[in-house]
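Enquirer: Going down the list, the sequences are from chains A and B.
Residue numbers for the first sequence follow the working numbering, so the first one is 232 and each next one is one higher.
Residue numbers for the second sequence follow the working numbering, so the first one is 706 and each next one is one higher.
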Amino acid sequence: MDASSDLPAREQDLLSRLRGFGSVLVGFSGGVDSSYLAASALDALGPDRVLAVTGDSESYPEVQRAAAREVAALLGVQHLEVRTEELADPRYAANPSNRCYFCKSELWRRLADIAGHRGIAVVADGSNADDARDYRPGFRAAAEYCIESPLLDAGLTKNDIRVLSRARGLPTWDQPSAPCLSSRIPHGLAVTPARLRQIERAEEGLRRAGFREFRVRHHGDAARIEVSPSEMELAVRLAREIVIEVRCAGFERVLLDAVGYRQGSLNDGLVVLRAGTR
Amino acid sequence: MSEEARLSVVRELLDRRGVVHTRVTVAGAARDIAVVHGARPEAVSELIERVRDAGFRFLAVDLEELTRDDA
């Protein structure tokens, strides 16, 4: 059987789960998964029983913030932005391998409060079936705050969600994954507002230069740039422009990763820096 | 293995494959990036597993040096 042949059934399963919630607050980043979830929730429950909430902090890039507002307006979903303070938590700022747990704890705590005050029955996130196979310390926080993951529970993978988003005409269907800026800093190297600004500025430069799928990894004085293999040639051609942009962001050394962009490269081997390298 | 010994392994790999380069250095707060200077990424990318065996997590080329090549 073709892997996508039961996709309509899984989408129906999702809609049925959402109807069962009665009302839902969607943790909304404006990315592929949460946009599709919000659109599906609107279908299942109607606009009065769906609230999309975006957590906003220094680790959330401006380009993503703007995209979230745009997608929310396009969908016609009620949308709130709440400030989260994960950087004020020294356990998060120290950047351990379970950093995401502290961030998600802060986010879900805030969102659960909002849902409680507004009488919204369920808080849901956009985790999908692929995420269950990945290293995700944030799942523990989601479990502690009773966050539902209907996409995951309906067995929808990232690719399924892209296919279904495209069928719905959502502009996010082919959007690259966009995790928070802290994910560019190796575990053990502290997450600071200054480092996050450096990353955001350097990535903005690469985006302006025409790159689509890339990351600027922060290694202290060095930026290690990962671009997708299909854009490697472009990176070599635009080396001078990239060096200028990335140096202006405050990095002394500008390196191009020879292997290229891959999701979660900083989790490879999960080596934590020795004391004294922060 | 000392940093210098790890670098020697990488240099040897490059020499054995006939990769033209000017030097190899270490970068990163954790000293875990092997940086090949004067080479293009496609000339070294296949060496990643061997470079990891030598104790580095990442393999990169120096972009600034590529701009000099273009000049």
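We treat Cβ as the ideally placed atom computed from N, Cα and C, and that holds for glycine.
(1) Tell me, please, whether the stretch 256-267 of chain A touches the stretch 391-405 of chain A by the rule of three or more beta-carbon pairs shorter than 8 Å.
(2) Whose Cβ in chain A lies nearer than 7 Å to the Cβ of F763 of chain B?
(3) Quick check: what's the CA-CA separation for D344 of chain A versus E337 of chain A?
(4) Can you tell me the Cα-Cα spacing of A346 of chain A and V313 of chain A, whole angstroms?
(5) Candidates A:I456, A:C479, A:E476 and A:R493: which alpha carbon is nearest D767 of chain B's?
(6) For the 8 Å Cβ check, are there 3 or more pairs between the stretch 438-456 of chain A and the stretch 718-734 of chain B?
(7) Measure from the alpha carbon of A283 of chain A to the alpha carbon of each residue in A:E289, A:V302 and A:Q295, then state which is nearest.
(8) Considering only the alpha carbon of each residue, which of A:L342, A:G357 and A:D356 lies closest to G350 of chain A?
(9) Which bits of chain A does D767 of chain B rub up against, with CB to CB less than 7 Å?
(10) 8 Å is my cut-off, CB to CB: does I473 of chain A come that close to chain B?
(11) Given A480 of chain A, which residues of its chain have a CB within under 6 Å of its CB, disregarding the five upstream and five downstream residues?
(12) Between which residues of its own chain and L719 of chain B is the CB-CB distance below 8 Å, once the five residues before and five after are set aside?
(13) Under the rule that 16 or more other beta-carbon atoms within 10 Å means buried, what is D365 of chain A, buried or exposed?
(14) Just verifying my parser: in three-state terms, what is the DSSP assignment at L401 of chain A?
(15) Within a Cβ cutoff of 6 Å, which residues of the same chain sit near H310 of chain A, ignoring the five residues on either side of it in sequence?
(16) Would you call the stretch 399-413 of chain A in contact with the stretch 370-377 of chain A, where contact means no fewer than 3 C-beta pairs closer than 8 Å?
(17) Would you kindly check if the distance between the Cβ of L497 of chain A and the Cβ of S414 of chain A is under 8 Å?
(18) For E464 of chain A versus A440 of chain A, is the C-beta distance shorter than 8 Å?
(19) I want to know whether the stretch 315-327 of chain A touches the stretch 273-291 of chain A - three or more CB-CB distances under 8 Å.
(20) Which of the residues in the stretch 432-455 of chain A, read from start to end, lie with their CB under 7 Å from any CB of chain B?
(21) Excluding sequence positions up to five away, which residues of its chain have a Cβ less than 7 Å from the Cβ of Y332 of chain A?
(22) Please identify the residue among A:P292, A:L420 and A:L306 whose C-alpha is closest to the C-alpha of P410 of chain A.
Expert: In this structure, then:
(1) yes
(2) R455 and D488
(3) 11 Å
(4) 13 Å
(5) A:I456
(6) yes
(7) A:V302
(8) A:L342
(9) L486
(10) Yes, I473 of chain A counts as interfacial toward chain B.
(11) Q429, R432 and A433
(12) H726, V729, V741, A744, V749 and L752
(13) exposed
(14) coil
(15) A283 and A303
(16) In short, these stretches do not touch, since the Cβ pair count stays below three.
(17) Yes; because the gap between Cβ atoms is below 8 Å, this pair is in contact.
(18) no
(19) yes
(20) H450, G451, A453 and R455
(21) P368, G369, R371 and A372
(22) For the options A:P292, A:L420 and A:L306, the alpha carbon positioned closest to that of P410 of chain A is the one of A:P292.
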